[in-house]
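For what it's worth, the working numbering labels the leading residue of the sequence shown as 11, then goes sequentially.
Positions of the beta carbon are idealized from the N, C-alpha and C atoms, including for glycine.
On a predicted model such as this, the values are computed, not experimentally measured, just so you know.
To start, the structure under review is shown below, and the notes come after it.
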Amino acid sequence: MSPQQNKAKAFAHLDEGKLGWFHIKTVLIAGAGFFSDAYDIFVISQALPMIYQVYFGPQYISGKFPADFSAPGEAQIVKTPQNVKVDFANNYPNGVHMDAWLKACTNWGNLIGQISFGIAGDSHGRKAVYGFELMVIIICTIGSVLTGTTFYGANILHILSFWRFFLVSELEETTQFVGDAEIAARDVELALQGKAVIGNNNALKKNKVNKVSDFKTYFSQWKNMKILIGTAYTWFALDVAWYGLALNQSTVLNLINFNGPQKVSINVTDKNGVTTLQKVMPPVDIQDIFYQTAVGNIIIACAGTVPGYWFTVFLIEKLGRKPIQYMGFAVITICLIILAATWDTISHNQTAFMAVFTIAQFFFQFGPNTTTFVIPGEVFPTRFKATCHGISAAAGCWSILATNTVTVLSTFAVIMATGGLATALLPETRGKTLEELSGEDEE
């Protein structure tokens, strides 16, 4: 039997193998990685206000509420001068810059980590790099927890930024990387029986084919390069709108009345005796504010995000990746156009806003937010798979860094539309083996 036939036979075991503990374990491990990554990224918006409250104390100014102001359960604050709470970012010295730095360091860490660990995954194997990443995450998480101002000149936000920068993570070793077909066939049999982990480190060391010259040669061909451009740009286009909306989640929570008490206009007197009219937050229990924000985020997630993901799970193999991605980009573009064109009206209509926003959230998940990380894991040769997946994901991080300048919903809509057009560069992967998609069965 020729080496090519041996290789095809080895991979056939994977393609035709029945669902077993090996597959379940792989899903759980990969899921844990995605969970820790997503939690680290998105929890910061909920955690930072708590950190500001604990370490910097409530910031108060002297003011008086108007006589016609009323708040359920807080009637006593209506008629008397109050020390009114204001937010950290806009009132603490350099608060805006420290707040932005803490959020940005996470994005920079993800950007650098996705590319560097992607390359390392191809060079040293997914399993080894995955284990190293987990150790980094554990150490940096403990470092974040122990962050404090125990020595002179230390600022907790600067120290926390340092630890969060290194909180980055990616996948497990695969048989397809192993160049020896006989070893691959043996490992597949053992792995599917639950007796071994796929991957042979000795074979891996002998077959480090991820060379710069090989990478350049492969992607010098337009048929290969267009796929990398397609995966990177669609991820970028998605994240412009996805993170652009996420960064303005407080606006959404305000519109559905789940972002704590509404700010009110009062006459504020500063330390120099100058009185001005400002919008501030009335003094209420801080725990109530955090609770309302958490409930609001759960409502948004349950309304569109979670159902959208499960629709993808059940339909992605039936409909295919590209149709779902096309549909997602198209529907989100339409939703953003509606929001941009009718904002002055729809922002005052809670039902209409939630309907459009929920549809958009649903099709983010039943669309490009799922397919943009599925397709890069399927279309590239195994020797470049982690590198190309890292490049594609890092392209999304660039959009995160750029979103603070993209403030108009109509701009988001245009970029999402271009993401739909870029989907044409990608092949459909439904029903095909990884070897067929990457061309490795021809090598």
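Environment of residue i [buried if 16+ CB atoms lie within 10 Å]
i	result
Leu29	exposed
Lys233	exposed
Leu227	In the sequence under discussion, the amino acid at residue 227 is Thr, which differs from the Leu named in the question. Exposed: under 16 other Cβ atoms inside 10 Å.
Ile385	buried
Trp320	exposed
Cys312	exposed
Gln110	Going by the sequence as given, residue 110 is Ala instead of Gln. When all chains shown are included, Ala110 counts as exposed.
Gly255	Looking at the sequence shown, residue 255 is not Gly but Leu. The residue in question, Leu255, is buried, as its Cβ has 16 or more Cβ neighbours within 10 Å.
Tyr49	exposed
Asn120	buried
Trp31	exposed
Ile310	buried
Asp249	buried
Met108	buried
Local conformation of residue i per DSSP, three classes
i	result
Glu438	coil
Gln259	helix
Gly430	helix
Asn359	coil
Trp353	helix
Leu29	coil
Gly119	helix
Val53	coil
Asn234	helix
Asn104	coil
Leu329	helix
Gly141	helix
Thr443	coil
Leu156	coil
Gly318	helix
Gly135	coil
Ile347	helix
Ile125	helix
Ile266	coil
Separation of residue j from residue i, as counted between CA atoms
i	j	result
Arg368	Ile347	Before going on, a small fix: residue 368 reads as Thr here, not Arg. When rounded, the distance between both Cα atoms is 15 Å.
Lys328	Thr322	10 Å
Lys35	Leu265	41 Å
Ile401	Thr380	17 Å
Thr355	Ala434	36 Å
Ser46	Met145	13 Å
His399	Thr151	25 Å
Leu325	Leu156	44 Å
Asp132	Met235	18 Å
Thr352	Gln63	36 Å
Ile122	Ile147	15 Å
Leu112	Thr443	42 Å
Leu436	Gln302	42 Å
Phe372	Phe44	19 Å
Ile54	Ala114	11 Å
Thr415	Thr428	Note that Thr415 scores 41 on pLDDT, short of 50, meaning its location in the model is unreliable; the coordinates nonetheless yield the value given after this. Roughly 18 Å between the two C-alpha positions.
Phe394	Phe225	7 Å
Arg136	Ala396	8 Å
Trp252	Phe142	29 Å
Gly306	Gln259	10 Å
Phe390	Leu238	8 Å
Phe246	Tyr140	24 Å
Val262	Gly338	21 Å
Asp59	Phe66	At residue 59 the sequence reads Pro, which differs from the Asp that was named. Each residue's Cα considered, the two are about 10 Å apart.
Ala304	Gly377	25 Å
Ala57	Gly441	42 Å
| query | Can at least three beta-carbon pairs, one atom from the segment 399 to 406 and one from the segment 240 to 258, be found at a separation below 8 Å? | reply | yes
| Are the segment 332 to 341 and the segment 355 to 367 in contact at 8 Å, needing three or more beta carbon pairs? | no
| Segment contact, 8 Å Cβ cut-off, at least three pairs: the segment 340 to 350 with the segment 424 to 432 | yes
| query | Mind pulling the alpha helix (DSSP H) runs of 4 or more residues that sit fully within the segment 367 to 404? | reply | 378 to 384, 386 to 389
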